[in-house]
Amino acid sequence: MTLNRPLDKLILAKAFRGELVPQDPRDEPASQLLERIRAEREAAAAAKKAAKTPTKKTRSTQKGKQKR
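Sequence positions in the sequence shown follow our numbering and run 167 to 234.
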């Protein structure tokens, strides 16, 4: 998609400013949305890190690796 025509550039600019459709006053501000996304990402990263924490191996989990 090339933006050589002035109308394309104008429409794209209006879209980024939110001027193409009526805005819903009940929508949360972008700052709140970004904060919520940041918190969700941090929680997901913490959960992933917790899931990767190695557990201590016991004799029962090491079947077949016992010395004879």
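For every residue, glycine included, the Cβ atom is placed at its ideal position computed from N, Cα and C. None of the values given here were measured: they were computed from a predicted structure.
| query | result |
| --- | --- |
| C-beta atoms of K180 and L173 nearer than 7 Å | no |
| Collapsed DSSP secondary structure at Q147 in the structure displayed | This structure does not reach residue 147, given that the chain is present from 167 up to 234, and the question cannot be answered. |
| Between the CA atoms of L199 and D193 - distance to the nearest angstrom | 10 Å |
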